[in-house]
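Student: Oh and the sequence shown: position 296 is 1767 in my numbering, straight run, nothing missing.
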Amino acid sequence: MCCGAWVTTQAQQQQPSPSDTTPITSIDADLANIFNQRQPKKYKVTAIKVTGNNYFDQALLLSVAGINIGDEILIPGGDNFSKAITKLWGQNYFSDVEIYITKLTGKDIELEIHVTERPRLSRYETAGVKKGEKEDLQGKMGLIPGRVVTENMIRTAIDAIKKYYSEKGFRNATVKVNQKSDPAFENSTILVFDIDKGSKVRLNQINFFNNTVDDLKLKAQMKDTREMSRLTIFNQNSRAYLGTPKKYTFEQYLKDKGYLTYSKTKRVLDPYLRLKLFTSAKFNEQKYEGDKEKLLEYFNSLGYRDAVIEKDTAYFNEKKQLNLDIKVNEGNRYYFGNISWKGNTKYSDSLLTAILGIKKGDIYNLEILNKKLGKQLSPEGGDISGLYMDDGYLFFRTEPIETAVYNDTIDYEIRIIEGPQATIKNVRISGNEKTKEYVIRRELRTIPGEKFSRSDLIRSNREIANLGYFNQEKIGINPVPNPDDGTVDINYTLEEKSNDQLELSAGFGGGIGLTGTL
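1) Could you tell me whether the Cβ atoms of leucine 1713 and lysine 1798 are closer together than 8 Å?
2) Could you tell me the boundaries of the beta strand (DSSP E) in which leucine 1662 lies?
3) Taking only runs that begin and end inside the stretch 1665–1699, name each unbroken alpha helix (DSSP H) of 4 or more residues, in chain order.
4) Does tyrosine 1805 come out as helix, strand or coil in the three-state DSSP assignment?
5) My guess is that lysine 1813 and glutamate 1884 are in contact by the Cβ rule of under 8 Å, so how many angstroms apart are they, rounded?
6) Does DSSP classify glycine 1613 as helix, strand or coil?
7) For the alpha helix (DSSP H) that contains phenylalanine 1641, what are its first and last residues?
8) Using a Cβ-Cβ distance under 8 Å, would proline 1952 count as near chain D?
9) Which class does leucine 1965 belong to by DSSP, given the choice of helix, strand or coil?
10) On a Cα-Cα basis, can you pick out the residue from Thr1696, Thr1576, Lys1817 and Arg1701 that is closest to alanine 1518?
11) Can you have a look at aspartate 1796 and say buried or exposed, based on whether 16 or more other CB atoms are within 10 angstroms of its CB?
12) Alpha carbon to alpha carbon, what distance is there between glutamine 1792 and leucine 1689?
13) Alpha carbons only, please: which of Leu1545, Ser1659, Leu1822 and Asn1932 is nearest the one belonging to lysine 1515?
14) Would you identify the three-state DSSP class for leucine 2004, choosing helix, strand or coil?
15) Span of the alpha helix (DSSP H) holding isoleucine 1826?
16) With DSSP collapsed to three states, give me the class of glycine 1947.
17) Could you say which of Val1568, Ile1615, Tyr1769 and Val1876 lies nearest to leucine 1687 if we only look at CA atoms?
18) Just to confirm the assignment, what range does the alpha helix (DSSP H) spanning asparagine 1794 have?
19) Any contact between the stretch 1922–1931 and the stretch 1940–1952? By contact I mean 3 or more CB pairs, one from each, below 8 Å.
20) Is it buried or exposed, phenylalanine 1721, if we count other Cβ atoms within 10 angstroms and call 16 or more buried?
21) In the DSSP assignment, the beta strand (DSSP E) including alanine 1518 goes from what residue to what residue?
22) Is the beta carbon of leucine 1725 closer than 8 Å to that of arginine 1776?
23) Please report how far the alpha carbon of leucine 1746 lies from the alpha carbon of leucine 1674, in whole angstroms.
24) Work out the CA separation of isoleucine 1900 and threonine 1917 for me, nearest whole Å.
25) Do you know whose CA, among Tyr1526, Glu1789, Ile1834 and Asn1815, lies nearest asparagine 1803's CA?
26) Once the 5 residues before and after threonine 1492 are set aside, which same chain residues still bring their CB inside 8 Å of it?
27) Excluding the five sequence neighbours on either side, which residues of its own chain have a C-beta within less than 7 Å of the C-beta of tyrosine 1526, listed in chain order?
28) With a Cβ-Cβ cutoff of 8 Å, do aspartate 1854 and lysine 1843 count as a contact?
29) Strictly by DSSP, which residues pair up with alanine 1530?
30) Got a sec, what are the start and stop residues for the beta strand (DSSP E) phenylalanine 1770 sits in?
31) DSSP on arginine 1899, reduced to helix/strand/coil?
32) Over what stretch of residues does the beta strand (DSSP E) that includes leucine 1592 continue unbroken?
33) Using the three-state DSSP reduction, which class does alanine 1875 fall into: helix, strand or coil?
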């Protein structure tokens, strides 16, 4: 029987080797022979001890390591120790993992797994920023005292800080992290984030490439991505990353028909004069992504339904100003072709076509088509859905189907499901804690026993709002269809104004005075 202390495999700030073939040093020559023997042998694990663990249960660590009493381990050549260290190391809770053979008795071995736990976060600080910004960052950095400090934790906090300042226009913010021990707690650390916001970055220029649609019209769609003001005698559109910016010279302006129009005058002056008095030029990447969607929607509204943004990039020019290049592929411009109807029995094709208001040869615009069909409900009405729903057809549906696409023309078939007419069954009101129900009901245009009407719902909403007793934005109207009996329940949910929302108005009548209305 021999006993001693062996280091079999060790992980210290790096991943362990894939197998147990690393030369081992030992204070016991007999134990060393295990790894020097020519023929690998299996040894049975009879005891395992875990040391260095202050916060983690031994049974939990052994479960993660995957080495159990009774396991047979091949020495040399086995990978049990390496796999155990890989699993423990992968938890990111330890800065060092070691496995020792502490005793050898025949073909039985006893093991010790020694771990060095990473320090835990006692507190963190942010330096170099205002008090209000510190408070904002606390909710964004995701740091929780007591958690193990890992590289991923620090990196996530840094990314959150940079994102916070990037959204405020500080795209060049830098963060340095200092880590120091906290003497008040054992194995604890304090993280200090030293922040340098840098200067605020404003968007100097937006350049479009490959587009036939006017640049200024495209820029107008980007509500949250605006260029900064400019007053100069030099043309700023000199260089770009994705190509050569367009130039509209004064000579071209004078030769152009209708050169005195506002749009062309603005176009020729834009490189020299740009006033943005009430808009921000801060560049926000998240809002920019939304503006790119708006650009594509605008192209679609002009008939370019295949338009895509092929490439875009933000970069700093030679003057350290932020520029934005956007390369588009508009594709073909499409037009509406023949539009036919299917499934309509209540109204004729000619009437539906007249209400739709789209003629063959009109510029293709799917948004307009859906709006005219009533897929996007509007208080104004005047659409196909409103025509049916105002006559009780609550279950009415339309489905526009492309039947042919040839050259630049798209034919449609509008498939209609009219469904039965619905009758109002119950009208329920909730949320009126002080206002008597009859006061509300006398304003409603939805009466039990009458046919359902969408315009009556809109009118009822307006009349309730005009009472002045309820928050307009909280007025809810929810039709609940009953397909089994062809009826519909109308549920009104209201929220009364609080007492401090007293409206005061001065008026002339039988006398002069101040009147208050709740």
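Backbone N, C-alpha and C fix where the C-beta goes; we use that ideal spot for every residue, glycine too.
Tutor: According to the structure shown:
1) At a Cβ-Cβ threshold of 8 Å, leucine 1713 and lysine 1798 count as neighbours.
2) That run of the beta strand (DSSP E) goes 1659–1667.
3) Counting whole runs of 4 or more residues, the stretch 1665–1699 contains the alpha helix (DSSP H) stretches 1686–1692.
4) Note: tyrosine 1805 maps to coil in three-state DSSP.
5) In this structure, lysine 1813 and glutamate 1884 form a Cβ contact; the two beta carbons are roughly 6 Å apart against a cut-off of 8 Å.
6) Of the three classes helix, strand and coil, the one that applies to glycine 1613 here is coil, per DSSP.
7) Counting along the chain, phenylalanine 1641 sits inside no alpha helix (DSSP H), nor does DSSP assign it H or E at all.
8) The structure shown contains no chain D; it holds only a single protein chain.
9) Looking at leucine 1965 - three-state DSSP - the assignment turns out to be coil, as it is neither helix nor strand.
10) Distances from the alpha-carbon of alanine 1518 to those of Thr1696, Thr1576, Lys1817 and Arg1701 put Thr1576 closest.
11) By the 16-neighbour rule on beta-carbons within 10 angstroms, aspartate 1796 is buried.
12) Distance between the alpha carbons of leucine 1689 and glutamine 1792: 21 Å.
13) Comparing Cα-Cα distances from lysine 1515 to each of Leu1545, Ser1659, Leu1822 and Asn1932, the minimum goes to Leu1545.
14) Since the first residue of the chain shown is 1472 and the last is 1989, residue 2004 is not available in this structure.
15) First-last of the alpha helix (DSSP H) with isoleucine 1826: 1820–1827.
16) In this structure, glycine 1947 counts as strand in the three-state DSSP scheme.
17) Ranking the options by Cα distance to leucine 1687, first place goes to Tyr1769.
18) From DSSP, asparagine 1794 is part of no alpha helix (DSSP H) but of the beta strand (DSSP E) over 1793–1800.
19) These segments touch.
20) Under a 10 Å Cβ-count criterion, phenylalanine 1721 is classified as exposed, with fewer than 16 other Cβ atoms of the shown protein chains found around its own Cβ.
21) Run containing alanine 1518: 1512–1522, per the beta strand (DSSP E) assignment.
22) Against a cut-off of 8 Å, the Cβ pair of leucine 1725 and arginine 1776 comes out as no contact.
23) Taking the straight line from one Cα to the other gives about 14 Å.
24) Between threonine 1917 and isoleucine 1900, the C-alpha separation is close to 12 Å.
25) That would be Ile1834, whose Cα lies nearest to the Cα of asparagine 1803.
26) A caution first: threonine 1492 carries a pLDDT of 42, below 50, which makes its placement in the model too unreliable to give a value.
27) Counting only Cβ-Cβ distances below 7 Å, and skipping sequence neighbours, we find Glu1588.
28) Aspartate 1854 places its beta carbon less than 8 Å from that of lysine 1843.
29) The partner list for alanine 1530 (beta bridge, DSSP) is empty, contrary to what the question assumes.
30) It is not in any beta strand (DSSP E) - phenylalanine 1770 instead sits in the alpha helix (DSSP H) that spans 1756–1772.
31) Per DSSP, reduced to three states, the secondary structure at arginine 1899 is strand.
32) For leucine 1592, the uninterrupted beta strand (DSSP E) segment begins and ends at 1591–1598.
33) In the displayed model, alanine 1875 falls within a strand according to three-state DSSP.
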